[in-house]
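Numbering follows my numbering, with no gaps: position 392 of the sequence shown is 444.
By construction, the Cβ of each residue, glycine as well, lies at the ideal position given by its N, Cα and C atoms.
Please read these numbers as outputs of a predicted model, since none were measured by experiment.
Below is one structure, written out as structure tokens; comments come after it.
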Amino acid sequence: MPKILIVGGGYAGFYTAWKLEKWLRSGEAEVTVVDPLPYMTYQPFLPEVASGSIDPRHAVVSLRRHLKSTKIIAGKVEKISHADKTVTVLPNIGEQFDLDYDIVVVTAGAVSRTFPIPGVADEAIGLKTIEEAVAIRDRILTNFDKASLLPEGPERDRLLTFVVVGGGFAGIEIFAEMRSFASALLDRYPELEFEDTHFHLIEAMGRIMPEVSLKTAGWVVNNLAERGAQIHLDTQLKSAVGGVIELSTGESFESDTIVWTAGVMASPMLKNTDLPIEERGRLRVRPDLRVHDENDEIVVDAWGAGDVSAVPDLSGGGVGGFCVPNAQHAVRQGKRLAKNLVAELRGEDLEDYYHKNAGAVAGLGLGVGAFQSGKIGITGVIAWFMHRGYHGLAMPSWERKIRVIGGWVLNFLLGRDIVSLEARVHPRAAFEEFASRPRAAAPAVESAPAGLPGPAGAPVPVGGAVSKE
53 MPKILIVGGG YAGFYTAWKL EKWLRSGEAE VTVVDPLPYM TYQPFLPEVA SGSIDPRHAV
113 VSLRRHLKST KIIAGKVEKI SHADKTVTVL PNIGEQFDLD YDIVVVTAGA VSRTFPIPGV
173 ADEAIGLKTI EEAVAIRDRI LTNFDKASLL PEGPERDRLL TFVVVGGGFA GIEIFAEMRS
233 FASALLDRYP ELEFEDTHFH LIEAMGRIMP EVSLKTAGWV VNNLAERGAQ IHLDTQLKSA
293 VGGVIELSTG ESFESDTIVW TAGVMASPML KNTDLPIEER GRLRVRPDLR VHDENDEIVV
353 DAWGAGDVSA VPDLSGGGVG GFCVPNAQHA VRQGKRLAKN LVAELRGEDL EDYYHKNAGA
413 VAGLGLGVGA FQSGKIGITG VIAWFMHRGY HGLAMPSWER KIRVIGGWVL NFLLGRDIVS
473 LEARVHPRAA FEEFASRPRA AAPAVESAPA GLPGPAGAPV PVGGAVSKE
């Protein structure tokens with residue numbers, strides 16, 4: 053029975069395994085997924101997690117719950133040697149080991165791409181994981197708590213100044229959701245005024261959201277300006293050392309919250325493989341999702357999909373001829389890869405991946421959205437409902453759909469939960485503060501040399517007993 057190894061349990065990896073379980077016959081193949089995390093993160097929901105509109109647990113999908121016959125290994129693939137058909141796995145606990153396979157599916161995803169800007173690595177936070185989204189939410193809430201205790205001045209301004217770097221879809225969505233969240237919080241903080249909060253988005257290009265028309269993008273800029281948020285176009289971040297933001301325009305201010313969304317890159321793990329990689333560090337794959345080399349020769353038993361792969365966009369809508377790295381493509385590529393893999397096992401014909409972009413939809417805070425499909429652009433509350441409807445239904449499994457949509461309904465009726473759990477980062481702090489500890493042993497008292505009495509009135513050990521002279 054052939055052993056199929058899936059490297060990465062994100063969108064493409066999860067959907068590949070999920071559909072293989074559905075389409076493989078009993079005993080036809082053995083499927084294993086290796087990922088350090090026990091869940092798949094539905095990344096389009098991260099902005100709403102950061103703004104308290106979605107419970108963090110509802111934005112992730114448990115691998116073990118939904119992949120019932122797939123073997124799950126909690127660890128990181130450090131190296132792929134396809135010539136030997138082995139991978140080196142570093143488990144979450146224990147020593148690294150080699151794992152052999154017959155067919156490898158590389159769906160290792162992407163990571164945040166940063167530039168060597170002073171201070172970014174030390175001060176900023178990304179938006180690729182559920183943990184980052186939760187941290188942003190807790191930081192906003194904690195900063196509001198702190199700022200409400202301070203008088204007007206630089207310290208309070210720093211706490212209530214929020215910066216997002218990158219004006220793509222992810223950047224605009226998190227920026228708008230943070231602005232919406234902060235505006236709602238002001239009702240609970242009578243010590244603070246709307247003018248006390250400051251929001252800055254920094255974009256190096258002359259426009260935001262290249263996936264939508266200039267008209268739609270302009271509407272978004274104006275809408276955010278009306279809500280008290282400032283977008284700096286044609287502007288680069290020069291430094292963020294110590295939280296001091298220095299822009300290429302010469303402007304400078306301080307911020308305690310810096311979110312980086314200025315691009316992604318394929319998982320660096322690919323550098324430790326003998327599989328063919330193109331100039332941008334992505335895996336070379338054909339439209340049918342089989343890996344190929346520089347000469348367009350198929351690399352037998354190797355497949356790739358998702359953000360880690362350079363998948364040709366046969367619809368003609370991709371950047372540079374390749375599919376853009378987003379959830380819409382990764383999910384569909386995972387499904388197509390599973391179908392093609394089953395077809396190859398059975399000696400059937402393969403089909404190329406083809407998906408014409410159905411459009412782009414963004415949530416920009418409660419009641420505000422933007423949608424673009426071709427020349428059709430819709431903005432406002434209708435687009436917001438379209439955003440929630442699309443992503444609510446796109447969430448895998450009815451169990452997850454019900455949790456997410458149910459949470460939205462409860463938030464509508466009861467409002468967003470505004471409790472910060474930032475203390476979770478050091479959960480033992482309260483216990484350690486008051487925990488009793490053994491007292492230090494009393495130091496032993498040495499006997500005075502013979503004929504030399506000890507200090508007046510001092511006890512002198514004699515034969516194991518203490519006496520007074």
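As for any beta strand (DSSP E) of minimum length 3 sitting wholly inside the region 142-228, the runs are 149-152, 155-158, 162-164, 213-217, ordered along the chain.
Its chain contains P90, I124 as the residues whose beta carbon lies nearer than 8 Å to that of R116, once the 5 sequence neighbours on both sides are disregarded; these appear in chain order. The DSSP-derived three-state label of S114 is strand.
Two segments are said to touch when three or more pairs of C-beta atoms, one from each, lie closer than 8 Å; by this definition the region 129-141 does not touch the region 165-183.
Between the beta-carbon of I188 and that of A277 there is about 22 Å, and that puts the pair past the 8 Å contact cut. Where Y405 is concerned, there is no enclosing alpha helix (DSSP H), because DSSP gives it neither an H nor an E. Counting along the chain, F486 sits inside the alpha helix (DSSP H) bounded by residues 481-486. Within the model, the alpha-carbon separation for A496 versus A487 is close to 27 Å. By the 16-neighbour rule on beta-carbons within 10 angstroms, P203 is exposed. The alpha-carbon of S265 is positioned some 29 Å away from that of I106. Comparing alpha carbon positions, the residue from D353, W355, A414 closest to S425 is A414. For T68, the three-state secondary structure derived from DSSP is helix.
Residue nearest to E184 within the set D154, I310, L389 is I310 (criterion: CA-CA distance).
Pairing D150 with T140 gives a Cβ-Cβ distance under 9 Å. D209 sits close to H250, with the two beta carbons spaced by under 9 Å. In the DSSP assignment, E100 falls outside any beta strand (DSSP E) and lies within the alpha helix (DSSP H) extending over 98-102. In the three-state scheme derived from DSSP, where H, G and I count as helix and E and B as strand, P108 is classed as helix. For the pair R342 and A362, the CB atoms are not nearer than the 9 Å cut-off. Boundaries of the beta strand (DSSP E) around Q282: 281-284. Taking C-alpha positions only, E247 is separated from M230 by approximately 15 Å. Selection D340, V433, D365 evaluated against E400 yields D340 as nearest (Cα-Cα). In the three-state reduction of the DSSP assignment, T431 falls in the strand class, which pools E and B. DSSP, read as helix, strand or coil, puts S235 in helix. The continuous beta strand (DSSP E) containing G356 extends over residues 350-356. Taking a cut-off of 8 Å on C-beta distances, the region 216-223 touches the region 253-264, as three or more cross pairs fall below it. Beta-bridge pairing by DSSP links F423 to V413, I430. V316 and A176 have their C-alpha atoms spaced approximately 15 Å apart. V456 and H110 do touch by the CB rule: their CB atoms are close to 5 Å apart, below 8 Å. Across the set R240, L142, E100, A256, the C-alpha of R240 shows the shortest separation from the C-alpha of F196.
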